[in-house]
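Chains as they are written, first to last, in this note's numbering: chain A, 215 to 567; chain B, 2 to 341.
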């Protein structure tokens, strides 16, 4: 999670190549197709941490599930170490299954309540790594200690006896048990207290430093993004609207949506309260009926006529940042500023004299 | 000005197999009219238990108030009230909202009926539709007339939380207890709900007791904050003071571990260890087992809350210059040994 690692030049560990995923939904208007992810390409390098941010309904979790092969793309493909998941040999696919792991937000439902914590963590050690039960138990104890759960206390407990934060750490220990190369963390630390969250993030970072594990962090917490991500991808209604190094995107965002997310994030500083910052109005529209032109235009305080009609091209910056906004350069340079929450006035581009 | 809510030396006890256990142990807390007061700390510090004690809505019957008093202005001692008397206070004087709005909405009841239920149960007669629609509109919900006939599943998480705020405020209470009300929401929605709550304070003079573990939310919302640790108040401060110059090592540690999108932290700081089990509390200062500057006195004697600028802190070393650098001189504890 070094701050200066840019996009990998060698072949990526895992990559989504132009993936889309549609769902059929039944509503008052009959069966309709919902495009949850729409033509997204995203590669994650070795020992790299990529964060995917966006509101509920942005498609970030659907994208994560395609990386995990929990959902098949409707079009496009996911490649692990250069091989399409669909074209893998049985043994390659089993290796993929072992080396790609996930930690979900809701661990209440992902741990078997009839198994002890120890046995949940031992299972992948025995099945995936072929350890004998005694070795597996010892390693499970190490893993639990690593995530800050005293093994002697927790090995024989049931998930039902644990708090949410404790179950979350068990899920992380279990994901790490298979000696993975890639972990998808889907809001994995959002529900944790600050101290536990930092402990867990540190465990993940150490794993990256020591074993070169890569992470896809799906999160809405921009503080976590800043702390751990090398690169960040911002999604809105199934599309990537901005991507770049975490520091570039968070310091000089080039898309109004990124700016709005940053403005909404609470800051631990009572002297800069959010009443002085811009706020998005309304909620994310339904992906069944995405707005024409730029999908963000219905909520964008900077939207102009062109945004309502024309899909914005991707603007590329020298530092690798990409932004799908007609006014990306103006947004990034600060020539185009976001109106404050109570400003009714329309935004305008100030021409440089 | 008289406080609206005055909690004094509150003790909340759970019956245990080996005798009673104090989950909240001598908490004194005030909420003044029109004030937003934060209650922060890690899970298991007793902040939700303290809030539950106000309306005696404990998760099980094994938990009860075992000492101290809870006084609501013009209502008297809530801790001494019967269930029936408390019901009259609930809703009319004190509203409540929680983390997961869907848990508190009946999926089979329309939004209009759920919000009106409080009015009906308090004997407000007549047709409530107009009043409820007006209330939903005040919560920033579009098409309130339409909304009356809709069901919870047709709403987004943010809309549901607005409906619950409307229901909590239907009888115009003067105190709102908000227990992690935005933790489950998107940041954009969170920011709108926080703005709504601040706005309601301005418009209605509402007081809010805001329970959260997020110091970012505290900074956005609160006038004052109580930091709880292991069932006690570790620090009570005005909002600017707690961020500028925290005076308890626990607060300093929590703030240091708070992640901000504005800057990459030098290291991922975490207070080592965990909140002690209420069944086996350390002697002396309860934080001494995790404190980097604990001395013998901290292990022997419980520190009282002593006055500091803008509030009070319960630490024997709160005036010690070493306090400010308590955590910075600490090597980051590592769970994984270096194999050295």
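The beta-carbon is built from N, C-alpha and C at its ideal position, and this holds for glycine as well.
In terms of alpha-carbon separation, which member of the options lies closest to residue i?
i, options, result
"residue 232 of chain A", "A:288, A:369, A:395", "A:288"
"residue 103 of chain B", "B:162, B:171, B:174", "B:162"
"residue 428 of chain A", "A:261, A:411, A:513", "A:261"
"residue 135 of chain B", "B:146, B:128, B:127", "B:146"
"residue 324 of chain B", "B:211, B:247, B:94", "B:247"
"residue 71 of chain B", "B:40, B:105, B:61, B:31", "B:31"
"residue 13 of chain B", "B:4, B:37, B:106, B:48", "B:48"
"residue 314 of chain B", "B:74, B:42, B:275, B:252", "B:252"
"residue 541 of chain A", "A:409, A:333, A:518", "A:518"
"residue 249 of chain A", "A:259, A:257, A:238", "A:238"
"residue 266 of chain B", "A:436, A:338, A:313", "A:436"
"residue 361 of chain A", "A:374, A:383, A:348", "A:383"
"residue 191 of chain B", "B:215, B:204, B:205", "B:215"
"residue 401 of chain A", "A:416, A:314, A:430", "A:430"
"residue 421 of chain A", "A:377, A:389, A:297", "A:389"
"residue 310 of chain B", "B:242, B:279, B:254", "B:242"
"residue 141 of chain B", "B:113, B:211, B:200", "B:200"
"residue 275 of chain A", "A:317, A:310, A:298, A:259", "A:317"
"residue 343 of chain A", "A:468, A:367, A:308", "A:308"
"residue 1 of chain B", "A:367, A:474, A:495, A:370", "Past the boundaries of the shown model lies residue 1 of chain B; chain B is included only from 2 to 341, so the question cannot be answered."
"residue 228 of chain B", "B:5, B:24, B:28, B:40", "B:40"
"residue 180 of chain B", "B:101, B:119, B:81", "B:101"
"residue 3 of chain B", "B:155, B:127, B:290, B:36", "B:36"
"residue 453 of chain A", "A:241, A:271, A:259", "A:271"
"residue 528 of chain A", "A:550, A:458, A:548", "A:458"
Applying the criterion that 16 or more other CB atoms from any shown protein chain within 10 Å of the CB defines a buried residue, is residue i buried or exposed?
i, result
"residue 303 of chain A", "exposed"
"residue 319 of chain A", "buried"
"residue 226 of chain A", "buried"
"residue 235 of chain A", "buried"
Return helix, strand or coil for residue i, following the three-state DSSP convention.
i, result
"residue 152 of chain B", "coil"
"residue 234 of chain A", "strand"
"residue 443 of chain A", "coil"
"residue 313 of chain B", "strand"
"residue 326 of chain A", "coil"
"residue 73 of chain B", "strand"
"residue 258 of chain B", "helix"
"residue 429 of chain A", "strand"
"residue 283 of chain A", "coil"
"residue 340 of chain A", "helix"
"residue 562 of chain A", "Confidence is the limiting factor: at residue 562 of chain A the pLDDT is only 40, short of 50, which leaves the residue's position unreliable, though a coordinate-based value still follows. Coil at residue 562 of chain A, not helix or strand."
"residue 364 of chain A", "coil"
"residue 29 of chain B", "strand"
"residue 498 of chain A", "coil"
"residue 194 of chain B", "helix"
"residue 285 of chain B", "coil"
"residue 483 of chain A", "coil"
"residue 252 of chain A", "strand"
"residue 315 of chain A", "strand"
Answer yes or no: does any C-beta atom of chain B fall closer than 7 angstroms to that of residue i?
i, result
"residue 481 of chain A", "yes"
"residue 441 of chain A", "yes"
"residue 251 of chain A", "no"
"residue 380 of chain A", "no"
"residue 246 of chain A", "no"
"residue 469 of chain A", "no"
Is residue i close to chain A? Criterion is C-beta to C-beta, closer than 7 angstroms.
i, result
"residue 259 of chain B", "yes"
"residue 91 of chain B", "no"
"residue 214 of chain B", "yes"
"residue 188 of chain B", "yes"
"residue 269 of chain B", "yes"
"residue 211 of chain B", "no"
"residue 226 of chain B", "no"
"residue 25 of chain B", "no"
Residues of chain C with CB under 8 angstroms from residue i, in chain order?
i, result
"residue 43 of chain B", "Of the protein chains in the structure, A and B, none is chain C."
Is it the case that the CB of residue i approaches a heavy atom of the ligand SAM more closely than 6 angstroms?
i, result
"residue 335 of chain A", "This structure lacks the ligand SAM; in fact it carries no ligand of any kind."
**Asked** Okay, do the segment 172 to 188 of chain B and the segment 86 to 98 of chain B touch, 3+ Cβ pairs below 8 angstroms being the bar?
**Response** yes
**Item:** At least three beta-carbon pairs within less than 8 angstroms, the segment 496 to 508 of chain A to the segment 522 to 540 of chain A
**Value:** yes
**Message:** Under 8 angstroms, with one C-beta from each stretch per pair, do the segment 226 to 239 of chain B and the segment 196 to 206 of chain B reach the 3-pair mark?
**Reply:** no
**the segment 150 to 158 of chain B touching the segment 107 to 121 of chain B, judged by at least three CB pairs closer than 8 angstroms** = yes
**Request:** Decide if the segment 364 to 372 of chain A is in contact with the segment 242 to 259 of chain A; the criterion is three or more beta carbon pairs, one per stretch, under 8 angstroms apart.
**Result:** no
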